[in-house]
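Trainee: Attaching a single structure in structure tokens format; questions to follow.
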Amino acid sequence: MNFIPNTDAERAEMFKTIGVGSFEEMISNIPPSLRLKGGLKLPPALSEYEVVGHLRELSKKNANTIDNLCFMGGGAYDHFIPAIVDHVISRPEFYTAYTPYQAELSQGTLQVMYEFQTCVSLLAGLDIANASMYDGGSAIPEAINLAAGANKKSRVLISSALHPHYVEVINTYLSGTGLKIEEIETKNGITHVEALKNAIGEDCACVVIQHPNFFGNLEEVDEINAVIKQYPHIHFIVSFNPITTGLLKSPGEHGADTAVAEGQPLGLPLNFGGPYIGLFATKQENIRRMPGRMAGKTVDKNGKEGFILALQTREQHIKREKATSNICTNEGLMAVAVLTYLSWIGREGLVEVSRLCYNHAHYLAEGISKIPGFRLKYPAEFFHEFVYESDKNHDEILNKLKENNILGGINLKKFGQTGILVAVTEKRSKQELDKYLDILKSI
2 MNFIPNTDAE RAEMFKTIGV GSFEEMISNI PPSLRLKGGL KLPPALSEYE
52 VVGHLRELSK KNANTIDNLC FMGGGAYDHF IPAIVDHVIS RPEFYTAYTP
102 YQAELSQGTL QVMYEFQTCV SLLAGLDIAN ASMYDGGSAI PEAINLAAGA
152 NKKSRVLISS ALHPHYVEVI NTYLSGTGLK IEEIETKNGI THVEALKNAI
202 GEDCACVVIQ HPNFFGNLEE VDEINAVIKQ YPHIHFIVSF NPITTGLLKS
252 PGEHGADTAV AEGQPLGLPL NFGGPYIGLF ATKQENIRRM PGRMAGKTVD
302 KNGKEGFILA LQTREQHIKR EKATSNICTN EGLMAVAVLT YLSWIGREGL
352 VEVSRLCYNH AHYLAEGISK IPGFRLKYPA EFFHEFVYES DKNHDEILNK
402 LKENNILGGI NLKKFGQTGI LVAVTEKRSK QELDKYLDIL KSI
């Protein structure tokens, strides 16, 4: 083990400490049949320069968003990220910081957490937010746990227009909890309100929808909320895209009790699925059941403002099995990125990004609908993501677009659906949208 700098004397001291005389004696409980015989079959060592070159060649196999125009979405989106975001999160005081248990030495980290929570609360239109969850998918079952813990009910109604990956996470998280997950059918690409009316009842803990939903369509949120509010104990949980709040009402304005989101659109790159960040906000009455870390603002004995980790007795490192959640950390560095992004673009910038996404998506959708053999799948309103169908083979359409350096969308057949899911962000220019349309016309 020449890559570990242990001298003979150091090894002898370690063997003496654990009560063995040699390395062979130390591993004697491992059956010989399971031990490595001979050396590892590894290629020759490379220099640092050669390793970098090898990795660069491997990276060329990726269909990246630098050499390709990205129209893929489904929960992760190709938004512009200002250079200041990477600059700020690369600073060592943020990049290397750990959980700020000792508040007096962690005021900067705690202030960032507090300001991040403030931004999330404003986006969600709700009273309080935590310092982040792992991602948008895991935030949903955490919200379900909050609801079920509050009202002690066992049925959970989720829209079948929820992202299929989110549904898998929900089923995994809640397995063994005794909660019963039921899907509410869709009609014309959105949650069927009449089906919800037939399914809801006193034994329901919560209703979960995604707005915009997996297909990009805008849900009839107010109508859904009206059904839910006939049962005051039932929690209304909305998974939302934070970029949409530049134009659309917030979940809180629609009557949501808890709002969750994938925060990737707010300054995080597309990176093999992560690290991303889950946003979580809820009403003040649920604060004791809030999962994860929360930073609070207070004053010291001299009246000086300071920041702390608030209500830590909710958390697993103190309450163990009685904790409100088993999440034991948060996406702190990603929270810094989100806060930097939001602070940099500001309120007007968010509105502008939201408006550009909406306008660009509708320009492309209108153009596609005018091409013979192509049509939009759903009549519902959408924000910046939609589904189209064609008489032509969908795989061939996407392959043709890829030949022209366009990642044209997601073929929904992998989710048991038909159509191509397309997302359009503020990065796409009119020339790029027209290029997409011209290729479809040529097929």
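Going by our numbering, the letters in the sequence shown line up with residues 2 to 444, in that order. Cβ atoms here follow ideal geometry from the backbone N, Cα and C, with glycine treated the same way.
Since Ile-182 contacts Val-222 with CB under 8 Å, what's their CB separation in whole angstroms?
Mentor: Taking the first residue of the sequence shown as 1, we reach residue 182 at position 181. Taking the first residue of the sequence shown as 1, we reach residue 222 at position 221. That pair is no contact at about 21 Å.
Trainee: When you compare only the Cα positions, how much space is there between Tyr-342 and Leu-267?
Mentor: For the purposes of this step, residue 342 is taken as residue 341 along the sequence shown, with counting starting at 1. For the purposes of this step, residue 267 is taken as residue 266 along the sequence shown, with counting starting at 1. Roughly 6 Å separates the two Cα atoms.
Trainee: Looking only at DSSP bridge pairs, what is Thr-299 linked to?
Mentor: For the purposes of this step, residue 299 is taken as residue 298 along the sequence shown, with counting starting at 1. BP columns for Thr-299 point to Gly-307.
Trainee: Using the Cα positions of Ala-162 and Ala-148, report the straight-line distance between them to the nearest angstrom.
Mentor: Your numbering for residue 162 matches position 161 in the sequence shown. Your numbering for residue 148 matches position 147 in the sequence shown. Taking the straight line from one Cα to the other gives about 21 Å.
Trainee: How would you call Gln-103, buried or exposed, if buried means at least 16 neighbouring beta carbons within 10 angstroms?
Mentor: As a first step, residue 103 is located in the sequence shown; it is residue number 102 there, counting from the start. That one is exposed.
Trainee: Just checking my contact of Asn-1 with Gly-293 at CB under 8 Å: how many whole Å lie between their CB atoms?
Mentor: The requested residue 1 does not occur in the structure, where the chain is confined to residues 2 to 444.
Trainee: Consult DSSP for Met-488 and reduce its assignment to one of helix, strand or coil.
Mentor: Residue 488 is absent from the structure shown; the chain starts at 2 and stops at 444.
Trainee: In terms of residues, what are the limits of the beta strand (DSSP E) holding Tyr-389?
Mentor: On the sequence shown, position 388 is the one that residue 389 refers to. Where Tyr-389 is concerned, the enclosing beta strand (DSSP E) stretches over 386-391.
Trainee: Assuming contact is defined by CB atoms lying nearer than 8 Å, are Ile-447 and Leu-441 in contact in what I supplied?
Mentor: The structure shown does not extend to residue 447, since the chain is modelled only from 2 through 444, so no value can be given for it.
Trainee: Could you tell me which residues DSSP pairs with Gln-211 in its beta bridges?
Mentor: Translated into the one-based positions of the sequence shown, residue 211 becomes position 210. Paired residue(s): Ser-240.
Trainee: Secondary structure at Arg-156, three-state DSSP: helix, strand or coil?
Mentor: Locating residue 156 in the sequence shown gives position 155, counting from the first residue. Looking at Arg-156 - three-state DSSP - the assignment turns out to be strand.
Trainee: If the criterion is Cβ atoms closer than 8 Å, does the pair Thr-283 and Met-291 meet it?
Mentor: The residue you call residue 283 lines up with position 282 of the sequence shown. The residue you call residue 291 lines up with position 290 of the sequence shown. Cβ distance < 8 Å, so Thr-283 and Met-291 count as in contact.
Trainee: Report, in whole angstroms, the separation of the C-beta atoms of Ile-90 and Val-337, which I expect to be a contact under 8 Å.
Mentor: Mapped onto the sequence shown, residue 90 falls at position 89. Mapped onto the sequence shown, residue 337 falls at position 336. Between Val-337 and Ile-90 the Cβ distance is about 5 Å, and since that is below 8 Å, they are a contact.
Trainee: Can you tell me which of Gln-418, Leu-248 and Lys-298 puts its alpha carbon nearest to the alpha carbon of Glu-105?
Mentor: For this step, residue 105 is matched to residue 104 along the sequence shown. For Glu-105, the nearest C-alpha among the options comes from Lys-298.
Trainee: Can you give, in chain order, each stretch of the beta strand (DSSP E) that sits fully within the region 77-104 and has at least 3 residues?
Mentor: List check, beta strand (DSSP E) in window: nothing returned.
Trainee: Under 8 Å: do the region 244-262 and the region 191-206 share three or more Cβ pairs, one atom per stretch?
Mentor: No, because fewer than three Cβ pairs between the region 244-262 and the region 191-206 fall closer than 8 Å, the two stretches do not touch.
Trainee: What is the rounded straight-line gap between the Cα of Met-2 and the Cα of Glu-25?
Mentor: Stepping through the sequence shown from its first residue, residue 2 is reached at position 1. Stepping through the sequence shown from its first residue, residue 25 is reached at position 24. Because Met-2 carries a pLDDT of 45, less than 50, the predicted location of this residue cannot be relied on, and no value is offered for it.
Trainee: Going residue by residue through the region 311-367, where are the continuous beta strand (DSSP E) segments of at least 3 residues, counting only ones entirely within it?
Mentor: Segments of the beta strand (DSSP E) lying fully in the region 311-367: there are none.
Trainee: At a cut of 8 Å, does the region 306-313 reach the region 321-334 through at least three beta carbon pairs?
Mentor: Touching, no.
Trainee: Using the DSSP secondary-structure output, state which residues sit across from Arg-36 in a beta bridge.
Mentor: Stepping through the sequence shown from its first residue, residue 36 is reached at position 35. Partner(s): none; Arg-36 has no beta bridge.
Trainee: Sort out for me which residues DSSP pairs Leu-280 with in a bridge.
Mentor: The residue labelled residue 280 in the question sits at position 279 within the sequence shown. Looking at the DSSP assignment, Leu-280 forms a beta bridge with Ala-262.
Trainee: Could you check where the alpha helix (DSSP H) with Phe-375 kicks off and where it finishes?
Mentor: Taking the sequence shown and counting its residues from 1, one reaches residue 375 at position 374. That residue, Phe-375, is in no alpha helix (DSSP H); its beta strand (DSSP E) goes 375-377.
Trainee: Return helix, strand or coil for Val-194, following the three-state DSSP convention.
Mentor: By 1-based counting over the sequence shown, the position of residue 194 is 193. DSSP places Val-194 in helix when its eight states are reduced to three.
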